[in-house]
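What the sequence shown shows, in the UniProt record's numbering, is residues 1 to 689, in sequence order.
Just so it is clear, CB atoms sit at the ideal spot from N, CA and C, and this is done for glycine as well.
The block underneath contains the structure these notes are about, expressed in structure tokens.
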Amino acid sequence: MKTFCGRANPTTGSMEWLEEGEDYDYHQEIARSRYADMLHDKDRNVKYYQGIRAAVSRVKERGEKAIVLDIGTGTGLLSMMAASAGADFCYAIEVFKPMANAAVKIVEKNGFSDKIKVINKHSTEVTVGPDGDMQCRANILVTELFDTELIGEGALPTYEHAHKYLVQEGCEAVPHRATVYVQLVESRRMWSWKKLFPVHVEAEDGEKILVPPSEMENCPGLPSVCDIQLNQMPSSDFSTLSDVVKMFSVDFSKPVQSASTCYRVQLEPVKSGKAQIVLSWWDIDMDPSGMINCSMAPYWVKPTSALQWRDHWMQCVYFLPREEPVLQGEKLSLTACRDEYSVWYNLQKARADEEEQKADVCVGSPVCRCRAHLLWNRPRFGELNDQSRTRQYIKSLRKVLKTDSICLCISDGSLLPVLAHYLGAKQVQCMQPSRIDLYHPHKLMAGTNNLEDKIKIIEARPELLKPSHLEDKKISVLVGEPFFTTSLLPWHNLYFWYARTAVSSHLASNVTVLPQSASLHMMIVEFQDLWRIRSPCGICEGFDVRTMDDMIKDSLNFRESKEAEPHPLWEYPCKSLSEPQEVLTFDFTKTVPEHCLSTEGSVKLLRKGKSHGAVLWMEYHLTADISVSTGLMQLSNEKGNCEWNPHCKQGVYFFSSVIESEILSDPTAVEYAMNFDTKTGEIAMDFKL
Numbered sequence: 001m002k003t004f005c006g007r008a009n010p011t012t013g014s015m016e017w018l019e020e021g022e023d024y025d026y027h028q029e030i031a032r033s034r035y036a037d038m039l040h041d042k043d044r045n046v047k048y049y050q051g052i053r054a055a056v057s058r059v060k061e062r063g064e065k066a067i068v069l070d071i072g073t074g075t076g077l078l079s080m081m082a083a084s085a086g087a088d089f090c091y092a093i094e095v096f097k098p099m100a101n102a103a104v105k106i107v108e109k110n111g112f113s114d115k116i117k118v119i120n121k122h123s124t125e126v127t128v129g130p131d132g133d134m135q136c137r138a139n140i141l142v143t144e145l146f147d148t149e150l151i152g153e154g155a156l157p158t159y160e161h162a163h164k165y166l167v168q169e170g171c172e173a174v175p176h177r178a179t180v181y182v183q184l185v186e187s188r189r190m191w192s193w194k195k196l197f198p199v200h201v202e203a204e205d206g207e208k209i210l211v212p213p214s215e216m217e218n219c220p221g222l223p224s225v226c227d228i229q230l231n232q233m234p235s236s237d238f239s240t241l242s243d244v245v246k247m248f249s250v251d252f253s254k255p256v257q258s259a260s261t262c263y264r265v266q267l268e269p270v271k272s273g274k275a276q277i278v279l280s281w282w283d284i285d286m287d288p289s290g291m292i293n294c295s296m297a298p299y300w301v302k303p304t305s306a307l308q309w310r311d312h313w314m315q316c317v318y319f320l321p322r323e324e325p326v327l328q329g330e331k332l333s334l335t336a337c338r339d340e341y342s343v344w345y346n347l348q349k350a351r352a353d354e355e356e357q358k359a360d361v362c363v364g365s366p367v368c369r370c371r372a373h374l375l376w377n378r379p380r381f382g383e384l385n386d387q388s389r390t391r392q393y394i395k396s397l398r399k400v401l402k403t404d405s406i407c408l409c410i411s412d413g414s415l416l417p418v419l420a421h422y423l424g425a426k427q428v429q430c431m432q433p434s435r436i437d438l439y440h441p442h443k444l445m446a447g448t449n450n451l452e453d454k455i456k457i458i459e460a461r462p463e464l465l466k467p468s469h470l471e472d473k474k475i476s477v478l479v480g481e482p483f484f485t486t487s488l489l490p491w492h493n494l495y496f497w498y499a500r501t502a503v504s505s506h507l508a509s510n511v512t513v514l515p516q517s518a519s520l521h522m523m524i525v526e527f528q529d530l531w532r533i534r535s536p537c538g539i540c541e542g543f544d545v546r547t548m549d550d551m552i553k554d555s556l557n558f559r560e561s562k563e564a565e566p567h568p569l570w571e572y573p574c575k576s577l578s579e580p581q582e583v584l585t586f587d588f589t590k591t592v593p594e595h596c597l598s599t600e601g602s603v604k605l606l607r608k609g610k611s612h613g614a615v616l617w618m619e620y621h622l623t624a625d626i627s628v629s630t631g632l633m634q635l636s637n638e639k640g641n642c643e644w645n646p647h648c649k650q651g652v653y654f655f656s657s658v659i660e661s662e663i664l665s666d667p668t669a670v671e672y673a674m675n676f677d678t679k680t681g682e683i684a685m686d687f688k689l
């Protein structure tokens, strides 16, 4: 069986489906999985173990055999906990075949083969009876089917089916219940991920304001949750308008309903403001009494307890359909609606007649009507709303544009064509190569800003550009941010260089290209926590899971580990162990060369610490003296704390051996080799200590 995998092609700016061997897909799945992160989650593992021990004891005290059903067993860890806690037998269900095979090996290695049966099926296909997968129904249900939103991985339908067909009535469940909490906040920063703010442009003939149209203003956006590490959001970036409130609970020991439903709570704002965002997280009680509790609450809710870092469960940001002005002490009604897999929120003034409110309150899942949310993802909204970034582009455009400029913009979903028009270019054309199919932003903006016929859209790819598209004129100013929706790693936006090369016959001999060049930068770092997602676990709560470590390692070696991977580092603190270093440069004033661009060198380590890996990012030199960084914004102090561009993902290359390296006594160096293959647009890299 062949597997087709989507990969961004930086030379064409499009996603391409490559035929891979049948092993590739599962290697990628394992290499990029969060299994290591879960095995490193000490708080989760300890609480599960305590809950399982207690559940087995309760069943034994009733004089019954303890029969455990573990759905989504993964490594088999929870089943092994149950067996060692005295369970008579465990049925461990795992649908992902390579994982089920690993679980069989791990169970055997730990000596539990006689107590645990691994079943490689979806739980809804499991049969019960003398000839079935399970001899009888279980009386203890153990699962870990949760994501950041709690229900996004299908926990509700899975539980619903298990209660109907796989477990006894009145069974014990670990976890016993989950509770979802919410808090209403105002946050310009988070709201900037959903709405486009007006853009101010100082033009020759006075200030112009680019205003988003009303359909964008009133659009509810997309239904998907925004899950982030809220613990990295400084308290100065949001203002809490309500106390934390329990939104709803699910009792897993009783039959569960997955059908769509709504929950409503009354809120009284603790201060006046603009309600924009609902922050949400959950906790799980491992036992009926609630003594064994595992919570995702952020730092300002549980300031006294040490926070457990985890990446598999974070916190949720939900955008209200509209900004609602609220007054301190006024009664509000917050509604959570959910289907089987997702949750969304609505806020209303509380009305005396609750019954009347019931009818109109269960609103459908939000659907984008303005098209902007299909064009821009949330970090991209944030980037377009970043005024200091926009000012850099305005400043550089002002330097290069003249009244007779024929300007072509090549970028996806960019406001640069509008800025170029406002700043006096004679003619502005634009191409959106990776998303020809999608709406252009200035079309969205056209009506409210009188731009209908001012900017020409060229519905063609750069290599198919004809003189007739340009009315037989030559381009005097070629601009790009550059930004392309298909880019996964920072250097994938170098597609701009390939597009520039494709249109070179249409460029005037004295053309100005903005940005004029780009550079790749690198820094060696020690991560506070992100290293855990790639770190072997070894022994977890007394169980040997090294088979899993080996499996992840093999899959990484299959291909992935020789590549960097994208991470938004504002969510993952690290400290620099070296100075940032420029390693490669790309000259956009010239076409892409035939030969590869290679470099090697070494970077000195200046601070003690564990070298977990290298962070890589691009800087774009718009003009000789104006640059924008997609990575490091500043190094703040002697400790080497870093501030990262919050709108972009940076490239992270994890070192395979350095994880074990000792604290450095005297400065050493990391040697690197980089090779930019101009045929594929990919950068191969290698590091040696």
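Rounded C-alpha distance that separates residue i from residue j
i: tyrosine 672; j: valine 107; result: 41 Å
i: serine 517; j: valine 201; result: 25 Å
i: arginine 338; j: arginine 369; result: 20 Å
i: leucine 577; j: threonine 668; result: 10 Å
i: isoleucine 659; j: isoleucine 457; result: Residue confidence is low: isoleucine 659 scores 41 on pLDDT, short of 50, so the model does not pin down where it sits. No coordinate-derived value is stated.
i: histidine 469; j: glutamate 459; result: 9 Å
i: alanine 564; j: serine 260; result: 41 Å
i: threonine 547; j: arginine 310; result: 22 Å
i: glycine 132; j: glutamate 125; result: 11 Å
i: isoleucine 140; j: phenylalanine 654; result: 40 Å
i: tryptophan 491; j: glutamate 383; result: 17 Å
i: residue 690; j: aspartate 412; result: There is no way to answer for residue 690, as the model of the chain reaches only from 1 to 689.
i: histidine 567; j: asparagine 346; result: 31 Å
i: glutamate 560; j: serine 214; result: Annotation note: pLDDT 47 at glutamate 560 (below 50); position unreliable, coordinate value reported separately. Straight-line Cα distance between these residues: approximately 45 Å.
Per-residue DSSP class, three states only, for residue i
i: residue 771; result: For residue 771 there is no data in the structure shown, the boundaries of the chain being 1 and 689.
i: glutamate 660; result: In this predicted model, glutamate 660 has a pLDDT of only 41, less than 50, meaning its place in the structure is not dependable; the value taken from the coordinates is given anyway. Glutamate 660: helix per DSSP, three-state reduction.
i: glutamine 392; result: helix
i: threonine 547; result: helix
i: threonine 599; result: strand
i: leucine 320; result: strand
i: serine 258; result: coil
i: leucine 622; result: strand
i: serine 305; result: coil
i: glutamine 432; result: coil
i: valine 418; result: helix
i: aspartate 677; result: strand
i: glycine 364; result: coil
i: lysine 105; result: helix
i: glycine 206; result: strand
i: asparagine 377; result: coil
i: asparagine 557; result: helix
i: valine 592; result: coil
i: glutamate 19; result: strand
i: tyrosine 672; result: strand
Residue i - partner residues in DSSP beta bridges
i: alanine 336; result: Tyr263 and Tyr345
i: leucine 632; result: Trp644
i: leucine 616; result: Met522 and Gly651
i: leucine 69; result: Tyr91 and Leu141
i: leucine 408; result: Gln429 and Leu478
i: glycine 6; result: Trp17
Of the listed residues the options, nearest to residue i (C-alpha basis)
i: valine 265; options: Pro234, Gly290 and Thr335; result: Thr335
i: methionine 296; options: Asp287, Leu307 and Met286; result: Leu307
i: histidine 521; options: Ser280, Pro303 and Leu632; result: Leu632
i: histidine 621; options: Lys395, Phe676, Trp300 and Gly221; result: Lys395
i: valine 301; options: Lys164, Tyr181, Thr403 and Gly111; result: Tyr181
i: asparagine 450; options: His421, Ser476, Glu463 and Ala36; result: His421
i: glutamine 650; options: Leu210, Leu597, Gly613 and Ile30; result: Gly613
i: lysine 115; options: Arg380, Cys90, Glu94 and Pro379; result: Cys90
i: glutamate 643; options: Pro593, Pro580 and Ala684; result: Pro580
i: tryptophan 193; options: Asp227, Gln634 and Met431; result: Asp227
i: cysteine 407; options: Leu375, Ala508, Phe496 and Leu488; result: Ala508
i: asparagine 231; options: Glu186, Thr512 and Leu279; result: Leu279
i: histidine 122; options: Met99, Pro130 and Lys443; result: Met99
Query raised in the report: What residue ranges within the segment 468 to 541 form continuous alpha helix (DSSP H) runs of no fewer than 4 residues, ordered along the chain?
Result: Taking only runs of at least 4 residues, the alpha helix (DSSP H) segments lying wholly in the segment 468 to 541 are 495 to 502.
Query raised in the report: Can you list the beta strand (DSSP E) stretches of 3 or more residues lying completely in the segment 122 to 199, in chain order?
Result: Fully enclosed beta strand (DSSP E) runs of 3 or longer: 138 to 143, 167 to 174 and 177 to 186.
**Report entry** 3 or more residues per run - each beta strand (DSSP E) lying fully within the segment 210 to 289
**Finding:** DSSP runs (the beta strand (DSSP E)) wholly in the segment 210 to 289: 226 to 228, 245 to 251, 261 to 267 and 273 to 285.
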